[in-house]
Amino acid sequence: MEGVMLSMQKDGWRIGAVVTDNAGQCGRARRILSIRWPNIAFVICFAHDLNNLVKAVLKSDYAQVTKQASDAVNALNVSSAKWLVEANVCMRDTYGYKLHLKQLCETRWNSMHGCFA
Numbered sequence: 001m002e003g004v005m006l007s008m009q010k011d012g013w014r015i016g017a018v019v020t021d022n023a024g025q026c027g028r029a030r031r032i033l034s035i036r037w038p039n040i041a042f043v044i045c046f047a048h049d050l051n052n053l054v055k056a057v058l059k060s061d062y063a064q065v066t067k068q069a070s071d072a073v074n075a076l077n078v079s080s081a082k083w084l085v086e087a088n089v090c091m092r093d094t095y096g097y098k099l100h101l102k103q104l105c106e107t108r109w110n111s112m113h114g115c116f117a
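In this text, residue positions in the sequence shown follow full-length UniProt numbering: the first is 1, and each later residue adds one.
Below is the structure:
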């Protein structure tokens with residue numbers, strides 16, 4: 001990482017922050033480099049932390065509700081000829097517009113919001 005930073009500075013880049021995931025070796029690199037480079041902020045990626053949070057929720061007491069919501073979305077999405085049409089009509093009648101049903105994906109933290117919404 002430091003080699004990349006040195007190369008970037010040599011090419012004229014001004015580095016203000018470095019973002020990494022929360023892996024152990026990245027934490028160690030952040031601690032070491034923050035001493036060597038005190039004018040640069042070394043931070044953890046917020047999206048990575050949210051992804052870890054979603055994974056923890058999916059394995060918690062919400063697992064049954066999560067599975068039911070995911071199963072409902074999957075069932076509606078594969079039944080495009082009948083039930084998805086009915087669901088779309090119901091959404092238009094209720095909300096005034098159609099919502100898209102999103103499948104739950106463990107590695108995409110925002111899919112939980114889309115699936116449960």
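Quick reminder that beta carbons are idealized off the backbone N, C-alpha and C, glycines included.
- Around the Cβ of Val43, a 10 Å sphere holds fewer than 16 other Cβ atoms; the residue is exposed.
- The beta-bridge partner set that DSSP reports for Thr94 is empty.
- Secondary structure of Ile40 (DSSP, three-state): coil.
- Take Trp83, set aside five residues on each side of it, and the residues of its chain with a beta-carbon closer than 8 Å to its own are Ala75, Leu76, in chain order.
- Secondary structure at Ala75: helix, using DSSP grouped into helix, strand and coil.
- In this structure, the beta-carbon distance from Leu101 to Val73 falls below 8 Å.
- Looking at the DSSP output, Thr20 sits in a beta bridge with Ile44.
- Cα atoms of Leu99 and Ser80: separation of roughly 14 Å, rounded to the nearest angstrom.
- The beta carbon of Thr66 lies closer than 7 Å to those of Leu58, Leu104 in the same chain, with the five residues before and after it left out.
- Here Met8 carries a helix assignment [DSSP, helix/strand/coil].
- Residues Ile15 of the same chain have their beta carbon placed closer than 7 Å to that of Gln9, with the five preceding and five following residues left out of the count.
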